[in-house]
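Colleague: Structure below; questions to follow.
2 protein chains.
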Amino acid sequence: MGISDRKERERLEMRELILTEATRMFAKVGYEETSIRAIAKKIEYSPATIYNYFTDKDDLLMAVQEVAFNRLLVEFAKTVSIESPLDRLYAIGRIYVEFALANPEHYQLMFILAAPMKFIDHGVKWEMGNHAFGFLRQTVQECMDKGLIKHYSDSRLASVMLWGQVHGLVSLHNCHRLSILQMQESELHDTIFASLQTLLRMLSAG
Amino acid sequence: MGISDRKERERLEMRELILTEATRMFAKVGYEETSIRAIAKKIEYSPATIYNYFTDKDDLLMAVQEVAFNRLLVEFAKTVSIESPLDRLYAIGRIYVEFALANPEHYQLMFILAAPMKFIDHGVKWEMGNHAFGFLRQTVQECMDKGLIKHYSDSRLASVMLWGQVHGLVSLHNCHRLSILQMQESELHDTIFASLQTLLRMLSAG
DNA sequence: GGAAACAATGAACACTGTTCACTAAGTTTG
DNA sequence: CAAACTTAGTGAACAGTGTTCATTGTTTCC
Chain A
499 MGISDRKERE
509 RLEMRELILT
519 EATRMFAKVG
529 YEETSIRAIA
539 KKIEYSPATI
549 YNYFTDKDDL
559 LMAVQEVAFN
569 RLLVEFAKTV
579 SIESPLDRLY
589 AIGRIYVEFA
599 LANPEHYQLM
609 FILAAPMKFI
619 DHGVKWEMGN
629 HAFGFLRQTV
639 QECMDKGLIK
649 HYSDSRLASV
659 MLWGQVHGLV
669 SLHNCHRLSI
679 LQMQESELHD
689 TIFASLQTLL
699 RMLSAG
Chain B
499 MGISDRKERE
509 RLEMRELILT
519 EATRMFAKVG
529 YEETSIRAIA
539 KKIEYSPATI
549 YNYFTDKDDL
559 LMAVQEVAFN
569 RLLVEFAKTV
579 SIESPLDRLY
589 AIGRIYVEFA
599 LANPEHYQLM
609 FILAAPMKFI
619 DHGVKWEMGN
629 HAFGFLRQTV
639 QECMDKGLIK
649 HYSDSRLASV
659 MLWGQVHGLV
669 SLHNCHRLSI
679 LQMQESELHD
689 TIFASLQTLL
699 RMLSAG
């Protein structure tokens, strides 16, 4: 049936139109500050139309989160060619930090906002998070297999420590809490990268 | 003039009434989910009355942040009797984590929400943050003076690394991002404390 | 050509933070 | 004591939010 194929295609195109605009606007002014009405106006449709393609704003948020995660994963994938797992680990951390600094609003809806996790906890898995974390953990495991990280025996624990370190610093920075250091923007960035490097050095010097 | 004294006192009492209720409700359901109308109803006043004591919701938020910070600082103060600066450092970290886990919504408005920092960056200092960070930094400095932390020469940098580590883990946990570890709540808590301990051990084993 | 399916929407609902003219009470003055 | 002034409290309104739903107009099917 060619007609229903076309309908399906048009439906996906419409969904994509909304999603693309939402992704752009969420990145620009943030999730909370972007209204359904504003998205509708930009794509020249009625606000109610959006609800024919997404059940609610949270659903839209989840879709944008997926887009953002895929962008991060594309960056992560560039590190597979790095042979030394320790170098690769640093590269992953660096990419994570750079992503967070370059896309603060997307970072927020991936790792900070409570909203997208509503239906998590109810048995539903957080697939995107799992995927990204798995990528990190794999490299950490490789480091441990080669005896490059000795402080830990469980790659999950070492990974979560690394994740916590970089997430902590970039999120403090993105919400202006590091202003107390009275540093220039570039100095702050350097501080974050240096902390990552220090942590890795200490972990590998076990 | 006794009357204007009484008026001043009554004004402060009214401010306190609003602030107390706001503090309670922000802790219970969070800042965003607490409406001015709900606070007004609870204290049996009109919503407009609140605006006679606080310029807007952000102003109220800042006042609650101060209350929350004072509570954290009271806990911090209990560590001054610990002689070993390294033990004291661990105690401070533990208190920080426990506070964040016990008061997630207050933690959020102290360290995560962007709103209260609007007028920061414009030259205004973030006094409460400075105060709490100063407390941490002092102990870190003492550790360095006694040669207990060798990886760093600047206590600011060592402090911000520690802060980043604990903030990262508790904030990931509080917004359910650590669900991917599929651990029990108590296991997650242990993991956070263990990470703090590991970091301190590594820093002191320089 | 008439019936069924469906995408798009205008209007409404229940909220939100916030403002402001107005009331009523308390305080100061003549 | 009464009149003038100050001030705390408020009802009503405004502009905005996410969301729902009956109605429209078009397309597809028989």
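Line order of the protein sequences matches chains A and B. For the first sequence, our numbering assigns the number 499 to the initial residue and increments by one for each residue that follows. For the second sequence, our numbering assigns the number 499 to the initial residue and increments by one for each residue that follows. We treat Cβ as the ideally placed atom computed from N, Cα and C, and that holds for glycine.
Say the cut is 6 Å; is the CB of Ala692 of chain A nearer than that to a heavy atom of the ligand HEM?
Modeller: Absence of the ligand HEM from the depicted structure is noted, as is the absence of any ligand whatsoever, leaving it without description.
Colleague: Quick check: is the beta carbon of Ser684 of chain B nearer than 7 Å to any beta carbon in chain A?
Modeller: Output row for Ser684 of chain B: interface = no.
Colleague: Output yes if chain B places a C-beta closer than 7 Å to the C-beta of Met659 of chain A; else output no.
Modeller: Answer yes: the Cβ-Cβ gap between Met659 of chain A and chain B drops below 7 Å somewhere.
Colleague: Could you tell me the alpha carbon to alpha carbon distance between Ser582 of chain A and Ala598 of chain A, rounded to whole angstroms?
Modeller: Ser582 of chain A and Ala598 of chain A: Cα-Cα distance of roughly 24 Å.
Colleague: For Ser693 of chain A, count the other beta carbons within 10 Å of its own beta carbon; 16 or more makes it buried, fewer makes it exposed. Which is it?
Modeller: buried
Colleague: Thinking C-beta only, is Gly666 of chain A closer than 7 Å to Gly666 of chain B?
Modeller: yes
Colleague: From Ala575 of chain A to Ala566 of chain A, what does the alpha carbon distance come to, in whole angstroms?
Modeller: 14 Å
Colleague: Taking DSSP's pairing of strands, which residues face Ile690 of chain A in a bridge?
Modeller: In DSSP, Ile690 of chain A forms no bridge with anything.
Colleague: Ile618 of chain A bridges to which residues according to DSSP?
Modeller: A:Val622
Colleague: To which residues of the same chain is Ala630 of chain A closer than 8 Å at the C-beta, ignoring the five residues directly before and after it?
Modeller: Phe567, Leu570, Leu571 and Phe574
Colleague: For Pro545 of chain A, which residues of its own chain have a beta-carbon under 7 Å away from its beta-carbon, when the five flanking residues on both sides are left out?
Modeller: Ile534, Arg535 and Ala538
Colleague: Asp554 of chain A to Leu607 of chain A, Cα distance in whole Å?
Modeller: 16 Å
Colleague: Out of B:Gly662, B:Trp661 and B:Ala656, which has the shortest C-alpha to C-alpha gap to Ser702 of chain B?
Modeller: For Ser702 of chain B, the nearest C-alpha among the options comes from B:Ala656.
Colleague: Could you give the first and the last residue of the continuous alpha helix (DSSP H) run that contains Met560 of chain A?
Modeller: Lys555 to Ala575
Colleague: Strictly below 8 Å CB to CB, what residues from chain A border Arg675 of chain B?
Modeller: Phe609, Met615, Trp624 and Gly627
Colleague: Are Arg586 of chain A and Ile580 of chain A touching if we call contact CB-CB under 7 Å?
Modeller: Taking 7 Å as the Cβ cut-off, Arg586 of chain A and Ile580 of chain A qualify as a contacting pair.
Colleague: Can you pull the chain A residues whose beta carbon is under 9 Å from the beta carbon of His649 of chain B, in chain order?
Modeller: Residues of chain A whose Cβ lies closer than 9 Å to the Cβ of His649 of chain B are, in chain order, Thr696, Arg699 and Met700.
Colleague: Got a sec: which bits of the stretch 562–596 of chain B sit with their beta carbon under 8 Å from any beta carbon on chain A, in order along the chain?
Modeller: none
Colleague: Quick check on Arg675 of chain A: buried or exposed, where buried means 16 or more other Cβ atoms within 10 Å of its Cβ?
Modeller: Arg675 of chain A should be labelled buried.
Colleague: Since Gly666 of chain B meets chain A, which of its residues come closer than 8 Å, beta carbon to beta carbon?
Modeller: Trp661, Gly662, Gln663, Val664, His665, Gly666, Leu667 and Ser669
Colleague: In chain A, which residues lie with their C-beta within 8 Å of the C-beta of Leu655 of chain B?
Modeller: Thr689, Ala692 and Ser693, listed in chain order.
Colleague: Taking only the alpha-carbon atoms, compute the straight-line gap between Ile618 of chain B and Glu508 of chain A and give it to the nearest angstrom.
Modeller: Whole-angstrom Cα-Cα distance: 47 Å.
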